[in-house]
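Just so you know, we're using numbering that gives the first Met the number 0 here: the sequence shown kicks off at 0 and counts up by one. Beta carbons: idealized from backbone N, C-alpha and C, even for Gly.
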Amino acid sequence: MIGAKYAVRTALAAALGLSLHIGVASAETKIGIAQFGKHPQLDETVTSFKAELAKLGVADAVYDELQVNFDATLIPQMVTKLVSGSPKLILAVTTPVAQGARQIVGNSGTPVVFAAVTDPVAAKLTPSWEAGDTGMTGASDLQDVSSVVKFIRKLLPDAKRLAYLYNPGEDNDVAVLKLIKEAAKAEGMELVEVGLDNTNDIPIRVSSLAGKADVIYVPGSNLVQPAVPAVAAAALSVNIPIVNASAQAVRDGLVAAAFEVSYTKVGQNAAKLAAEIIAGKSPASLAPIKPTYEDHTALINEAVLAKTGQKVPESLKDCECFVK
0 MIGAKYAVRT ALAAALGLSL HIGVASAETK IGIAQFGKHP QLDETVTSFK
50 AELAKLGVAD AVYDELQVNF DATLIPQMVT KLVSGSPKLI LAVTTPVAQG
100 ARQIVGNSGT PVVFAAVTDP VAAKLTPSWE AGDTGMTGAS DLQDVSSVVK
150 FIRKLLPDAK RLAYLYNPGE DNDVAVLKLI KEAAKAEGME LVEVGLDNTN
200 DIPIRVSSLA GKADVIYVPG SNLVQPAVPA VAAAALSVNI PIVNASAQAV
250 RDGLVAAAFE VSYTKVGQNA AKLAAEIIAG KSPASLAPIK PTYEDHTALI
300 NEAVLAKTGQ KVPESLKDCE CFVK
């Protein structure tokens, strides 16, 4: 697979309830992969990690892969099993898996590279964004709000007022509020805060933005994301385009655009750190990687955008980012 020489067999580890893939052993470049469960974005992260590692010269890597079908109680057994195989390092995919790996691996000498972890500092995986921990560093999938606002300006250059829908009771939504305030100010936009305590408020709150907002941004909110159809219907009734944190709503014809983190890039960023560790660097010397503008992927639904009276600007007409 992309230059990597490994054979894979599949079996069920009944005692642990784990889905298991074991590669042919090679102590020098053996890598353990601990995954929370099978999911398109997580699978994309792992696939791109392997491909990038091969490009970076670790072409003979072999992989021991485990996943726990999103059962957090099985994470300790999964990590323990991987460590017993004496890998060069472990790739821990998602925050729960990385936290479990930290507890199990500790300072045992097996380095851990995490991927698809939103905030490693808040998760107590690294002491800061400027340095890794003693045995751990990795690649975040934290959406860069500044990049999102830059994309909104590029898509809608005449927009001056940006509405932000969020749940005041959700810590992540509130954290993003602080960041998007700063980002909007930097781009010369006025931020219109729209707090939502429950989804029943959506139609009236969104409709009331007529004449008060030029575009709506919907973050990855646990309250608002599942209600995107209701948000989209209300916004369309007052001709306000939506930029969403997730691209699926664009594909579904609900919102005009999305600007989301590319999990291919997340996997590649994790591979870059892994290659450095394999070459001899300590995780503590390697800062966790945050996604940049280039680590995001845009998706635009031109038909939905047109329904709000907007056109794709010339600067984006040649981008390969349209729903087909």
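Notebook entry, point to check: Are the beta-carbon atoms of K149 and E192 separated by less than 8 angstroms?
Noted result: Numbered from its first residue, the sequence shown carries residue 149 at position 150. Numbered from its first residue, the sequence shown carries residue 192 at position 193. Cβ atoms of K149 and E192: not closer than 8 angstroms.
Note to self: Among the candidates F69, V120, V96, whose CA atom is the shortest distance from the CA of L81?
What the structure shows: Position 82 of the sequence shown, counted from the first residue, corresponds to residue 81. A check of alpha carbon separations from L81 across F69, V120, V96 identifies V96 as the nearest.
Notebook entry, point to check: Among the residues of its own chain, which have a CB less than 7 angstroms from the CB of V311, if the five just before and after it don't count?
Noted result: Looking up residue 311 in the sequence shown gives position 312. So the qualifying residues of the chain are I299, E301, L304.
Next item on the list: Consult DSSP for N243 and reduce its assignment to one of helix, strand or coil.
Entry: In the sequence shown, residue 243 corresponds to position 244, counting from 1. Correct three-state label for N243: strand.
Note to self: According to DSSP, is G279 part of a helix, a strand, or is it coil?
What the structure shows: By one-based count along the sequence shown, residue 279 stands at place 280. Collapsing the DSSP output to three states places G279 in coil.
Checklist line | Delimiting residues of the alpha helix (DSSP H) encompassing D172 | finding: As a working note, residue 172 is residue 173 in the sequence shown. Here the alpha helix (DSSP H) through D172 covers 170-185.
Next item on the list: Please specify which runs of the alpha helix (DSSP H), each continuous and at least 4 residues long, are wholly inside the segment 95-177, giving them in chain order.
Entry: Segments of the alpha helix (DSSP H) lying fully in the segment 95-177: 144-154.
Note to self: Contact defined as beta carbons within less than 8 angstroms: I believe V249 pairs with V322. What is the distance between those atoms, to the nearest angstrom?
What the structure shows: For the purposes of this step, residue 249 is identified with residue 250 of the sequence shown, where counting begins at 1. For the purposes of this step, residue 322 is identified with residue 323 of the sequence shown, where counting begins at 1. The Cβ separation is near 6 angstroms, so the contact holds.
Next item on the list: List the endpoints of the continuous alpha helix (DSSP H) containing E64.
Entry: Along the sequence shown, read from residue 1 onward, the residue named residue 64 stands at position 65. Not the alpha helix (DSSP H): E64 falls in the beta strand (DSSP E), residues 61-66.
Margin query: Please list the terminal residues of the continuous alpha helix (DSSP H) segment that includes I201.
Written below: Numbered from its first residue, the sequence shown carries residue 201 at position 202. That run of the alpha helix (DSSP H) goes 201-206.
Check: Sorted by chain position, which residues of the same chain lie with C-beta nearer than 7 angstroms to A328's C-beta, five sequence neighbours on each side aside?
Finding: Residue 328 is absent from the model: the chain starts at 0 and stops at 323.
Next item on the list: Look up G266 in the DSSP assignment and say whether it is helix, strand or coil.
Entry: As a position in the sequence shown, residue 266 is number 267, starting the count at 1. Reduced to three states, the DSSP call for G266 is helix.
Notebook entry, point to check: What is the DSSP secondary structure of L195, reduced to helix, strand or coil?
Noted result: Within the sequence shown, numbered from 1, the residue matching residue 195 stands at position 196. Note: L195 maps to coil in three-state DSSP.
Checklist line | Residues bridged to T307 [DSSP beta-bridge criterion] | finding: What you label residue 307 is simply residue 308 of the sequence shown in a count that begins at 1. According to DSSP, T307 bridges with nothing at all.
Next item on the list: Go ahead and pull the three-state DSSP assignment for E259.
Entry: Reading the sequence shown from its first residue, position 260 is the one you call residue 259. Strand.
Check: Would V242 pass as a contact of V260 if the rule is Cβ separation under 8 angstroms?
Finding: In the sequence shown, residue 242 corresponds to position 243, counting from 1. In the sequence shown, residue 260 corresponds to position 261, counting from 1. When the beta-carbon positions are compared, V242 and V260 stay at least 8 angstroms from each other.
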